[in-house]
Each structure stands twice: as C-alpha cells, then as structure tokens.
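Student: Sharing a structure here in structure tokens format.
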Amino acid sequence: MSAVLRAASNCRQLCKSYSTRMASTGPIQSAIQETLTENLQPVHLEVINESYMHNVPKGSETHFKVLVVSEKFENLPLIKRHRLVNELVKTKLEGNFVHALSIEAKVPSQWSADYKVDPSPNCRGGFGK
Amino acid sequence: MLPTFRYVAKQVIGTGYRFPIARTLCSAKENTVTKEDLEKLVKNNKVVVFMKGDPEQPRCGFSNAVVQILRMHGVTYDSHDVLSSDDIRQGIKDFTNWPTIPQVFINGEFVGGCDILLQMHQSGDLIEELKKVGIKSVLLEQAEKEEADKKK
C-alpha cells in the first residue's frame with residue numbers, strides 16, 4: 001500500500017514540475033528563480049508568472065508571485081523577509097523591477113507540502129494607467 | 001476621511017500603457033514632492049494608504065484587497081491615489097524603499113504592502129497593531145460581543 005502511495009506522490013511531483021516547465025519560463029521568471037535559489041537556498045520555491053491575469057500583452061513578464069520557504073527567514077519579521085526578496089530581485093534585474101511582485105515568505109515550520117498558493121486578487125485595470 | 005487626491009486621477013490616466021521612455025523622461029525631472037511632504041502625509045492620520053484609485057474605486061486588485069481588509073476592520077484612513085501624481089508615485093517608493101503600490105502606514109510607520117497587510121489580518125496582528133494606536137477593530141468588537149452573548 002505504501003508503495004502505491006509513494007508512486008502516487010512521485011507522480012504528483014512529476015506532474016507539478018512538468019506543468020511548471022510547460023508554462024514556458026521567460027527570462028525574467030528564470031532570473032527571479034535563479035537569484036532566490038542562489039541566495040536563499042529555499043526548501044521550496046514557486047515563481048508564478050501572473051501577467052496573463054492583467055491588461056498586458058500576451059507572454060508578458062510583468063506580474064509575479066513567489067512563494068519562498070527558507071531557513072534564512074528565521075527570526076526575521078515579515079517586512080524584512082519581503083525587503084530581502086525585493087532587494088534580491090531588484091539587484092538581479094539590475095534595477096528594472098517587475099511591475100508587481102507578490103510575496104509569501106515562510107520558514108519551513110510555516111509550510112507543508114500540501115500548501116497551495118492562492119492566486120493574486122483580480123486586476124482592476126490600474127496597470128500603466 | 002476624504003482622500004486628498006481623489007478624482008484628480010482622471011486627468012492623468014488617459015492613454016493606457018506607459019512606455020518605458022516616458023518613465024525615463026519623468027524620472028529625469030526633479031521630483032516636486034519632498035521627503036518632508038511625504039512625512040507630513042503619512043503622519044496626517046493613524047492609518048494612511050497610498051494606492052491606485054480611491055477606496056470607492058480601486059484601480060488595482062492589490063489596492064482593492066487593502067481597502068477590503070481595512071473596511072472589514074472598520075478603519076477610517078487617509079488615502080492617496082498615486083495614479084493622480086507621478087511625483088507621489090515615485091516619491092513614496094523612494095521614501096519607503098519599497099518597490100510596489102499599495103503601501104500602508106500605521107502611526108506614520110510603514111507597515112508593508114498588500115501581502116503583509118493580508119497576512120497581518122489573517123494572523124490577528126492587525127487587530128493588535130490597530131489597538132496600539134487606539135483603533136478598536138470592528139472584528140474585535142464583534143468577537144467580544146459574541147463572547148458576551150454566550151455568557152448570558
């Protein structure tokens with residue numbers, strides 16, 4: 001029985017990584033992934049391009065959401081965790097910050113594998129206007 | 001309660017997508033909003049929000065989320081529409097060294113953006129922070145009332 005469960009879980013992981021890859025990662029998304037991986041050694045990282053939810057051309061890389069689970073956040077208040085992530089992204093993108101970066105920054109004890117990231121709130125047309 | 005810059009937005013909103021070149025030109029210009037101006041603004045009320053649009057008509061989902069959360073807690077606050085002024089939009093980002101809008105201040109202190117306010121709301125920290133500045137959250141009032149009713 002446990003073998004079956006393990007197989008199912010492997011499959012889920014495979015599917016997940018597959019679907020992530022399928023959503024054709026753009027250069028900005030890759031850069032964000034890279035810098036957060038390098039600097040925060042996260043136990044879990046999701047970088048989601050939410051640009052499609054907004055009033056921007058198809059394939060844009062303007063709106064992102066990240067879930068970072070890292071021990072480096074231990075003992076840091078929320079605002080410092082967010083500042084850290086913002087700084088890393090800003091440095092990596094050489095000052096060309098993305099239009100929106102929604103952040104969930106957790107320590108491992110605040111996260112479990114079945115945790116699902118909520119999509120960001122609906123756009124109301126404010127972008128670039 | 002009336003946001004200072006409300007409805008001025010429409011003059012500037014105009015033409016949709018702002019091209020990077022326009023942004024470069026704008027930022028090359030001297031910013032007319034000084035640090036002192038912003039310091040005054042963020043201290044003008046116990047809760048101050050810089051957002052896109054105004055509370056009745058937020059023009060961004062993140063700004064709207066902040067409005068909804070503060071509404072749930074029954075908080076009155078100053079709001080400033082950054083779409084009505086590029087100087088304020090850039091000025092506040094420089095002031096807090098925070099790259100995105102909305103931005104929330106409690107007692108003149110920068111608290112964070114939408115994500116942080118949402119997490120503070122979920123964890124109960126927001127009720128505590130409001131209490132510190134003498135604002136009693138409506139949610140807390142309701143909870144206390146229910147508690148009292150149970151005891152009756």
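As given, the protein sequences belong to chains A and B, one line each in that order. With full-length UniProt numbering as the guide, the letters of the first sequence map in order to residues 1 to 129. With full-length UniProt numbering as the guide, the letters of the second sequence map in order to residues 1 to 152. Glycine included, C-beta positions come from ideal geometry on N, C-alpha and C. Keep in mind that this is a model prediction, so the values were computed, not measured.
#1: Rounded to whole angstroms, what's the CA-CA distance from lysine 65 of chain A to aspartate 81 of chain B? Just pull it up for me.
#2: Once DSSP output is grouped into helix, strand and coil, what is the label at valine 117 of chain A?
#3: Using a Cβ cut-off of 7 Å (strictly closer), state whether glycine 61 of chain B contacts chain A.
#4: Tell me, to the nearest whole angstrom, how far the beta carbon of valine 68 of chain A is from that of proline 42 of chain A; I am working on the premise that it is less than 8 Å.
#5: Mark valine 104 of chain B as exposed unless 16 or more other C-beta atoms lie within 10 angstroms of its C-beta, in which case mark it buried.
#6: Helix, strand or coil, according to DSSP, for serine 109 of chain A in the structure here?
#7: Report the residue from A:Thr25, A:Glu34, A:Glu38, A:Cys123 whose alpha carbon sits nearest the alpha carbon of histidine 99 of chain A.
#8: Can you tell me where the alpha helix (DSSP H) with histidine 121 of chain B in it begins and where it stops?
#9: Considering only DSSP beta bridges, list what histidine 63 of chain A is partnered with.
#10: Taking 7 Å as the threshold (beta carbon to beta carbon), is isoleucine 69 of chain B in contact with chain A?
#11: Ends of the beta strand (DSSP E) at methionine 51 of chain B?
#12: Going by DSSP, what residue range makes up the alpha helix (DSSP H) through glutamine 68 of chain B?
#13: Below 7 Å between beta carbons: does that hold for leucine 117 of chain B and valine 66 of chain B?
#14: Please state the DSSP three-state secondary structure of glutamate 144 of chain B.
#15: Assign lysine 105 of chain A to one of two classes, buried (16 or more other C-beta atoms within 10 Å of its C-beta) or exposed (fewer than that).
#16: Out of B:Thr34, B:Asn107, B:Glu141, B:Leu139, which has the shortest C-alpha to C-alpha gap to lysine 132 of chain B?
#17: Would a check of beta-carbon distances place isoleucine 88 of chain B closer than 7 Å to chain A?
#18: Is DSSP giving serine 137 of chain B helix, strand or coil here?
#19: Cβ of residue 166 of chain B within 7 Å of Cβ of phenylalanine 110 of chain B?
#20: How would you list, in chain order, the residues of chain A whose beta-carbon sits under 7 Å from the beta-carbon of proline 102 of chain B?
#21: When the distance is taken between beta carbons, is valine 47 of chain B closer than 7 Å to serine 79 of chain B?
#22: Taking valine 117 of chain A as the reference, which of A:Ile48, A:Ile28, A:Ser60 has the closest Cα?
Tutor: Considering the structure as presented:
#1: 24 Å
#2: coil
#3: yes
#4: 5 Å
#5: buried
#6: helix
#7: A:Cys123
#8: 114-123
#9: A:Ala100
#10: no
#11: 47-51
#12: 61-72
#13: yes
#14: helix
#15: Note on residue identity: the sequence assigns alanine, not lysine, to residue 105 of chain A. Buried, by the Cβ-count rule.
#16: B:Asn107
#17: no
#18: coil
#19: Here chain B has residues from 1 to 152 only, and residue 166 of chain B is not among them.
#20: Simply none; closest approach about 10 Å.
#21: no
#22: A:Ile48
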